[in-house]
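Below is one structure, written out as structure tokens, with a few remarks after it.
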Amino acid sequence: MAEAASFANIWVPFCRKHNIEPRNPETYFNLKKDPYKNKVLSDFVKDRRRVKREYDEFKVRINGLPDSIRRRSDAYHAREELKAMKEQRQKKEDEPVEVIKIKKATWMADGTHWPGTWLTPAPDHSKGDHAGIIQVMLKPPSDEPLCGTSDDSRVIDFTDVDIRLPMLVYVSREKRPGYDHNKKAGAMNALVRASAIMSNGAFILNLDCDHYIYNSQAMREGMCFMMDRGGDRICYVQFPQRFEGIDPSDRYANRNTVFFDGNMRALDGLQGPVYVGTGCLFRRVALYGFDPPRSKEHSADFCSCCFGQRRKRATLANTSEENRALRMGDSDDEEMNLSLAPKMFGNSNLLIDSIPVAEFQGRPLADHPSVKNGRPPGALTIPRDLLDASTVAEAISVISCWYEEKTEWGQRVGWIYGSVTEDVVTGYRMHNRGWRSIYCVTKRDAFRGTAPINLTDRLHQVLRWATGSVEIFFSRNNAFLASSRMKVLQRIAYLNVGIYPFTSVFLIVYCFLPALSLFSGQFIVQTLNVTFLVYLLIITITLCTLAVLEVKWSGIELEEWWRNEQFWLIGGTSAHLAAVFQGLLKVVAGVEISFTLTSKSAGDDDDDEFADLYIVKWTSLMIPPLVIMMVNLIAIAVGISRTIYSVIPQWSRLLGGVFFSFWVLAHLYPFAKGLMGRRGRTPTIVFVWSGLIAIIISLLWVAINPPAGSNQIGGSFQFP
């Protein structure tokens, strides 16, 4: 962090001076386009070379830090051992010196112990057992622009360039054995509390560690929605996810363009898109569990129109301007009573005092009569209070592991606990209070990240998402239980989020039906008459027309739509089915589910950017789709052989069954290609188990429902 803050003193002003995009140095210096195009300043070439040299040196220092820290810690450890032995000799001159064992700590450059996790784990200094840490790396900037000067000591001339840097704070929450830390949701809530005391910005940008800012103006564009007239009812602005490092064919639909460019755009016309866990700009007050302003005006509960209006207006008249818009969600109480705030937010007075300030700062500017509860011009020009030791100490206390006890954090406040997909639940709670969200698609991608291109990693990712959806369906966050403030179509959208994994059961049946019809010799319908073919043609044309309209409306390419359809079947017959069983086990038997983080690293082949695409990793999720493939292949062979050797070949019936089996196999083609790897390194156990299961299913079906005729396959399994 210290090295990054030091390099930022050069990198950030350089980006401002020459309008650099993107502002991720690793991405910028690896751009394939001409970096000097459209650069009008004469000193750009010289500045870029100097910054590139500084960045290369910065990377060398970063890569050498682990060895440097280890050597420094070993040196301090040896010194402490010698010091302890010397003290022992002085105390026990005549007795033999015993071997002294001293904990091998991790030392910082100032000669003190690192308060967090040590290289050699020890009590109070191990993963899951360490103190909370807050370190201010860069102090808050001044209110007025601070321009650079032509100083010879600087690497680059930053004259007339704003050289201010935003405040940078390192935060590591306290972790102790016996406390549930609630993974990402708990970490985000700790950051919300610490930032409320340290900076208290009205808006919070949430980015995953594998994403970076690709458009430096993205946050400003998101704030424009929230600061616009009527924008005070917007709880968050969700940006689409864009990915790098994906194979050109996008074999496993990692880009997910159908969801981000189709579904999310459609939801933007309702109450807003769902929160997808990253690339989202939040209104801080919405995270605190408050209702949106004027929530009673938009509520469907009309009983208050006849009773209690005068009392409500009198209460509003006596409420201070800054607290007028604050209301707690999921409650019928009137304006929030700050005396009850400790039960909601904890016993930190600084945190509670920051709430109305954050709400006031996030209001739209009162520059028009239509703006209600607006912020007067110039209200944000008040200088920021300086950080002192007591403020930092208070921030450390709110990230302690015990702070959330007997509070509403994780229940009604902040990120919601109790689900693998805490992001969807958190967004659902906000929409349930009456907030709305916005989907912001910028001309230049706002953020970019990485995605798993390996088949196994992709299936595990989908399994985690689907399991979270099953948890939502069986919890109080089911859309059936939504309040009247959520729109009907928005409720249906959230209901689909919880139901879609259960469609895997029917999908499995649909994938086996064509094969079973070929085994039994009986098609899905008795005869392929004209009526059936007409109905089938109408349904097919209707589905194709809808698909084409969706593709044209959302700007999705046909190949991307087809890849999404293929992986929908692959994931539906594997990860979604497993998620249903895992979710039922958790709900019925209370079996907790543990997930590994999705691996997004490249393969061992440094020369191939997509080496990880060809790595085959065994997982039980591969068995169902592989069984479907083998059963359909065997069924096609059986159907063709039966038709050839039959007395009166019924080619029309065979054609129908083979067509549907081929349609299933066409959807599973990316899965089969992924199993082949690069050099056919598929584990043998995959084919052994899948082959056995496929043969057993095939023989059982023929034995249970043998085809008619003595010359065809019968219950004794006699082939013609």
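Quick note on full-length UniProt numbering: the sequence shown kicks off at 1 and runs consecutively. Where a beta carbon is used, it is the ideal one built from N, C-alpha and C, also for glycine. Please read these numbers as outputs of a predicted model, since none were measured by experiment.
Measuring only the C-alpha atoms, how far is Tyr212 from Val45?
Roughly 25 Å between the two C-alpha positions.
Measuring alpha carbon to alpha carbon, tell me which of Gln217, Val12, Asn477 and Glu565 ends up nearest Cys147.
Val12
Between Gly414 and Pro166, what straight-line distance do the alpha-carbon atoms span, to the nearest angstrom?
24 Å
Taking a contact to mean a Cβ-Cβ separation below 8 Å, would you say Ala266 touches Met137 in this structure?
No. Outside cutoff.
Does the count of Cβ pairs from the segment 223–231 and the segment 243–258 closer than 8 Å reach three?
no
Alpha-carbon to alpha-carbon, Ala666 and Phe519
20 Å
Start and end of the alpha helix (DSSP H) containing Asn182?
Taken as a continuous stretch (DSSP letters only), Asn182 belongs to no alpha helix (DSSP H), as it is neither H nor E.
In angstroms, rounded to a whole number, what distance separates the CA positions of Leu119 and Thr106?
So the two alpha carbons sit approximately 6 Å from each other.
Taking CB distances under 8 Å as the criterion, tell me whether Val488 reaches chain B.
Here there is only one protein chain, and chain B is not present.
Let me know the secondary structure DSSP gives Glu244 once reduced to three states.
strand
Contacting residues, own chain, Cβ-Cβ under 6 Å from Glu54 (five flanking each side not counted):
Ile10
Alpha carbon to alpha carbon, what distance is there between Ser397 and Leu543?
Using only the alpha carbons, I get a separation of about 57 Å.
Which two residues bound the contiguous beta strand (DSSP E) that contains Ile648?
Counting along the chain, Ile648 falls outside any beta strand (DSSP E), and DSSP gives it neither H nor E.
Could you tell me which residues DSSP puts in a beta bridge with Ser126?
Under DSSP, Ser126 forms a beta bridge with Asp129.
Helix or strand or just coil, what does DSSP make of residue 782?
With the chain covering only 1 through 720, there is no way to say anything about residue 782.
Option in Ala547, Tyr76, Lys552 and Ser172 with minimal Cα separation from Ser126:
Ser172
Would you grab the beta carbon distance between Pro624 and Thr573 for me? Rounded to a whole angstrom, and I think it's under 8 Å.
5 Å
Less than 6 Å between C-beta atoms, sequence neighbours within five positions excluded: which residues of the same chain meet that for Ser73?
Within the same chain, Ser73 has close Cβ partners Thr106 and Trp107.
Between which two residues does the beta strand (DSSP E) holding Gly230 run?
Segment: none, Gly230 is in no beta strand (DSSP E) and carries neither H nor E.
Spatially closest choice to Gly277 from Gly449, Lys175, Arg444 and Tyr170, by CA coordinates:
Gly449
Alpha carbon to alpha carbon, what distance is there between Pro248 and Ser716?
Reliability fails at Ser716, whose pLDDT of 43 lies under 50, so the model's placement of it is uncertain and the value that follows must be treated cautiously. Near 50 Å, if we compare the C-alpha coordinates of Pro248 and Ser716.
Among all the DSSP beta bridges, which residues are the ones paired with Asn206?
Cys280
Cys401 by DSSP, collapsed to three states: which one?
coil
Just verifying my parser: in three-state terms, what is the DSSP assignment at Glu3?
helix
Around the C-beta of Pro452, are 16 or more other C-beta atoms found within 10 angstroms, so that it is buried, or is it exposed?
buried
The segment 559–573 / the segment 504–511 touching (three or more Cβ pairs under 8 Å):
yes
Suppose you measure from the CA of Ile492 to the CA of His431; what does that come to, to the nearest Å?
Taking the straight line from one Cα to the other gives about 13 Å.
Excluding sequence positions up to five away, which residues of its chain have a Cβ less than 8 Å from the Cβ of Gln411?
Closer than 8 Å at the Cβ level, and outside the excluded window around Gln411, lie Tyr417.
Whole angstroms are fine: how far does the CA of Ala589 sit from the CA of Ile69?
Looking at the two C-alpha atoms, the distance is approximately 47 Å.
Taking the alpha-carbon positions, what's the Ala187 to Thr117 distance?
16 Å
Is the beta carbon of Gly272 less than 8 Å from the beta carbon of Arg16?
No Cβ-Cβ contact shorter than 8 Å links Gly272 with Arg16.
Helix, strand or coil for Ala163 per DSSP?
Note on identity: in this sequence residue 163 is Ile, with Ala being the wrong assignment. In the structure shown, Ile163 falls within a coil segment according to DSSP collapsed to helix, strand and coil.
If Leu168 sits next to Ala393, beta carbons under 8 Å apart, how far is it from one beta carbon to the other, in whole angstroms?
The Cβ separation is near 19 Å, so there is no contact.
Just curious, the beta strand (DSSP E) that Leu171 is in, first and last residue?
The displayed chain sequence assigns Val, not Leu, to residue 171. Note, Val171: beta strand (DSSP E), Leu168 to Ser172.
Under the criterion of a Cβ to heavy atom distance below 7 Å, does Ile570 qualify as lining the ligand PLP?
Looking for the ligand PLP in the displayed structure turns up nothing, as the structure carries no ligands at all.
How many Å lie between Arg79 and Pro66 at the Cα?
Roughly 20 Å separates the two Cα atoms.
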